[in-house]
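Chains as they are written, first to last, in numbering that gives the first Met the number 0: chain A, 0 to 384; chain B, 0 to 246; chain C, 0 to 327.
By construction, the Cβ of each residue, glycine as well, lies at the ideal position given by its N, Cα and C atoms.
In this text, all values refer to a predicted model and were calculated from it rather than measured experimentally.
Working notes for the structure below.
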Amino acid sequence: MPYNLFKYFFAGCFLFCFGCSEPTKKSIPFLFDLKKDSSIKYAKRFAISRNKDLTLVYLFGNKANYDTTAIYLIYSDSSLIKNAPKNFILIKNPCEKIAALSSIYTAMFFELGLIDNLVAIDNVDYCNNPEIISRCNSGKIKQLAKGIETDLEQTITLKPDIVFTFGMGDPEKDVNPKLLQSKIPVAISLDHKEETPLARAEWIKFFAIFVNKKEMADSIFNLVEKNYNALKVIGEKTELKPSVFSDIKYSDSWYMPGGKSYVAQLLNDAGTNYLWKDDSNYGSLPLSFEQVYAKAKDAGFWINVSTLRTKKELVGFDTRYAEFAAFKTGNIFNNTKHVNALGYSTYWETGMIYPDRILSDLILIFHPELKGQLKNEFYYYEQLK
Amino acid sequence: MEKKECIVLKNADLGYKKNNTNVSILNAVNLKFYTGDFIGIVGVNGVGKSTLLKSLCGLLPTLSGEILIDQQPVSDYLLNDLAKKIAIVLTEKIGGFNLTAYDVVAAGQMPYTNSFNRFEKENLAIIESAIKITGISAHQHKLLNELSDGLFQKTIIAKALAQQTPIMLLDEPSAFLDYASKHDLFLLLKRLANEENKCVLVSSHDLDLLLKYCTKLLVISNKSIELISVSEAKTNAVFKEIGGGFI
Amino acid sequence: MKENNTIKFLLLIILLVISCLLSLFYGGSESIHLNDVFSDNFIFWHLRLPKTITAIIAGCTLSAAGLILQIIFRNPLAGPYVLGISSGASLMVAISILAGGTLHLFSDLFIGKTFIVLSAITGSFLITLLILAISKKVNSNIVLLLIGLMLSQICGAIQTALEYFSDANSLKSFVIWGMGSLSNTTNFDLMIYFPLALIFLLALLFFIKPLNALLLGENYAQNVGINFRSNRFYLILISSVLTGLTTAFCGPIAFIGIAVPILSRMIFKSSKQHLHIISCLLLGSILLLLSDALANSAIKTISLPINMITTFIGAPMVIYLMFKNKSW
């Protein structure tokens, strides 16, 4: 684990700082006695270490080698951080006013019981939570998305204690320099870069650190982990592994999830034969209709067809979709059971926190023979009408 | 041969429209031209020679009054019929799109071909002869961009010839021709007027040429427009002014 | 001279047949053999065949449209999109894809692709009406071109605003539409696309003489009996319909409309436009068929966007011939 590198990294930092600025003896010891939080099992893109006064959160945003790209130093006593290294991002605990710029993060804070602390989200259009929607409509929660950009002025006026957003993991590149200048703390989440469903769900612990909700996050995640692994065992034990493919085409390209992608892993854990499981990509493959048809024309199941909910809509985009066996048998399922007026599904909010629910849905889809053993209701998925 | 009225201008205001207002270059023009006339148009630059010629063949609509060609107003003519009556030679340059000198001359026969522009033997013969008369046979397959100014002018003149019209209008056709060619051209135009009874109007700054070959002169100033015979030219005040004392 | 042209035409026809075959049998990732033609092979009959036919129709319509506009404006830089047709179509499609929620309003009448095709046609149609109305009031070609340019800019600006405020999924969908595609038409669509394209291409037969005359410029064209204004009106109409049709079924396809007429004039030295119409139809089809074959077989696992290939094949060709010929 790269953690050991950090001790040397910090030591190096001190020596360097010592060499050039001669800090007083009082400030050096504050970073010793750090204990790594070893409860983080799946997530690879963040790590936590703490001592009795401070918590450090490390982000590993570098695609190739998991190098540290940002370090957050969370403190309560400001006297302790007087000589903290300049590249540490200092965040005072606890953060009361939270701005969450993604529907996933909004959902996480809601699950952590912090809806009263939410002062801003990105855009209510993406939201399915009635409580949050009503607060947005009444103005209690502000919306900071201004087209593709974030409304800087509104953000600065609002003065949240912390802003959560997503990015590459390097504040210099991810955050608007003017926002950095305003000294409003910005925490970057790399949950979307995780490669497994549990790893992604474990990020609830990251968010919890900033708002003093470690215990609650741990308990949520522990339950998710337990459920997921139990379901995974059920999935592995199934005898029949029905063939399945995913998504739809945009013009000439059909973006099929790669063999190591989030979706592919869920499908594997659900006991299926995902037709592209042997591919080695973590992202999507741009295939042609021909390629997909050649491989999947007799596949038993078809999932994740964009935002479409009926077979009529599907065939309205291309009459040739009707040639797939899965279309003829009607075995098409989409994660659109609960969508808001604009078509955004709860899958993209709570689904990321509760992959066990997604897995449960998937097993239910592919293994109706196991009905007795599972919760007999879909959380996110529905069959296309 | 009997002289017929072929062009009549009745109280015509000639000019163009700019921003929805009429800009009148020549006012209240009343003139008559006959078959067999070889008329030279003189005037300083900008006085309205080109405007007159363009108005006569319908390229510029009259602002008021009317122009009659063979007793019928220009505006009442079907374009194809008008094309068989009047041919014009302008100073503008055209080219590109693989156009050769031959193509331009051949265009003169367009009023006589079918809608697929198919050239029959008679059409081809007329085109040939127009090319021969203007002396551009050696250059007929060259692209327009490759022709010298003089050859280009001859090409357009050949097109007007090929158009076989009883009326020919030429705007400064001799500007780029060499000495001999200028005389060749005017001789040709004089012959067309005399032997084929065409009505030919030529504008030119070459006063000597006009005096030598034309039968009448149309003298234009910003105050007047008069049709005089060549013999009266040297005593005409406006003409003398245009001549600047050198003629 | 004439025999030379006949040989060239024969070569083009042979090239057309070859490109057709390449597109049919190699224009995709799966391997198709001759016996697949006779069996009820879905890929051949419903994926390859409509794509190849679409390539031919699109190649014909766009190059004819480009030829017409280059003659009207006497400018080799003119192309089918110069009057704003594609911007209008794009804008309407942007409205229907990006202004997302409203799609569900029409979900029973017009769904998915039909809606997009109709939007594109509406957009082209509206711009065409506007341009035709303006062309009736405006004499000068340059003014007409400039107004067309301004309309393009306006449509583009509105489209940019829509893109800016849209969500990722819709945006992706729209951007990919904008890259053009020959694979979106089914055999059923061809039953509408083909006859309409054919009718308007045949209409050009009535304009052979005017097309030749317009090369002489407005004044001389008028003088030999061709009504510049009314012919310009009808030719712009034909060109716009041809362009609008193809843009509706295939999205905006780059390059073909401008380059093919230029290529035609470089290969065939004649100035007779009926010759060029035929050669443009042949060249346009060949270029798109070859581009399609390449786009789908260059990299085994991906099909490249058609607009990229047409430009990469075509532009060097034009540049090379330009250096050799220096004529356009």
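- When Cβ-Cβ separations below 8 Å define contact, Leu200 of chain C makes no contact with chain B.
- With contacts defined as CB atoms closer than 8 Å, Tyr163 of chain C and Ile147 of chain A qualify as a contacting pair.
- Pro256 of chain A sits in a strand when the DSSP states are folded into three classes.
- In its chain, beyond the 5 residues on either side, Lys233, Ile246 have a beta carbon closer than 8 Å to the beta carbon of Lys239 of chain B.
- At a C-beta separation below 7 Å, Met190 of chain C has no neighbours in chain A, since its nearest C-beta there lies roughly 12 Å away.
- Taking C-beta atoms under 8 Å as the contact rule, Phe365 of chain A and Val291 of chain A fail to qualify, at a distance of about 19 Å.
- Any Cβ of chain A closer than 8 Å to the Cβ of Gly313 of chain C would place that residue at the interface, and such an atom is absent.
- Bounds of the beta strand (DSSP E) holding Arg49 of chain A are 45-49.
- For Leu82 of chain C, the closest of C:Thr310, C:Gly216, C:Leu181, C:Ile235 by C-alpha to C-alpha distance is C:Ile235.
- Runs of the alpha helix (DSSP H) lying entirely within the region 256-336 of chain A and spanning at least 4 residues, in chain order: 261-268, 288-295, 310-316, 324-328.
- Residues of the same chain with a CB within less than 6 Å of the CB of Val7 of chain B, apart from the 5 flanking positions on each side, are Lys31, Leu67 in chain order.
- Scanning chain C for C-beta atoms nearer than 7 Å to the C-beta of Thr318 of chain A yields Thr185, Phe187, reported in chain order.
- Ile252 of chain C and Ile225 of chain C have their C-alpha atoms some 33 Å from each other.
- CA-to-CA, the gap between Asn226 of chain A and Leu266 of chain A works out to about 16 Å.
- For Ala212 of chain C, a Cβ of chain B is located within less than 8 Å of the residue's own Cβ.
- Along the length of the region 172-205 of chain B, whole alpha helix (DSSP H) runs at least 4 residues long occupy 178-194, reported in chain order.
- In this chain, Gly87 of chain C is not harboured by any beta strand (DSSP E); it is covered by the alpha helix (DSSP H) spanning 84-97.
- If you check the CB distance, Leu97 of chain C and Pro260 of chain C do not come in under 8 Å.
- For the pair Ala216 of chain A and Ala207 of chain A, the CB atoms are nearer than the 8 Å cut-off.
- If you draw a 10 Å sphere on the C-beta of Gln152 of chain B, you find 16 or more other C-beta atoms in it, and that means buried.
- Not one beta carbon of chain B lies nearer than 8 Å to the beta carbon of Lys136 of chain C.
- Using a CB distance below 8 Å, the part of the region 217-242 of chain C facing chain B consists of Asn218, Tyr219, Gln221, Asn222, Val223, Gly224, Ile225, Asn226, ordered along the chain.
- Membership of Tyr74 of chain A in any alpha helix (DSSP H) is not indicated; the residue belongs instead to the beta strand (DSSP E) covering 69-74.
- Taking all protein chains in view, the Cβ of Glu217 of chain C is crowded by 16 or more other Cβ atoms within 10 Å, so the residue is classified as buried.
- The C-alpha of Phe323 of chain A lies about 26 Å from the C-alpha of Gly250 of chain C.
- Taking 8 Å as the cut-off, the Cβ atoms of Asn333 of chain A and Tyr380 of chain A count as close.
- By the C-beta density criterion, Asn29 of chain B is exposed, having fewer than 16 other C-beta atoms within 10 angstroms.
- Residues of the region 16-29 of chain C with a C-beta less than 7 Å from any C-beta of chain A: Gly27, Ser28, Glu29, listed in chain order.
- The C-beta distance from Asp173 of chain A to Ile161 of chain A rounds to 15 Å, too long to meet the 8 Å contact threshold.
- Contact annotation: in the region 54-80 of chain B, residues whose CB is within less than 9 Å of a CB in chain C are Cys56, Gly57, Leu58, Leu77, Leu78, Asn79, Asp80.
- If you draw a straight line from the Cα of Tyr346 of chain A to the Cα of Val118 of chain A, it is about 23 Å long.
- Leu117 of chain A is bridged by DSSP to A:Ile97.
- By the Cβ neighbour-count rule, Ile13 of chain C is exposed, with fewer than 16 other Cβ atoms within 10 Å of its own.
- DSSP places Lys31 of chain B in the strand class (E or B) of the three-state scheme.
- Contact between the region 137-155 of chain B and the region 186-205 of chain C is absent: fewer than three C-beta pairs spanning the two stretches fall below 8 Å.
- About 15 Å separates the beta carbon of Thr113 of chain C from that of Leu244 of chain C, a gap too long to meet the 8 Å contact definition.
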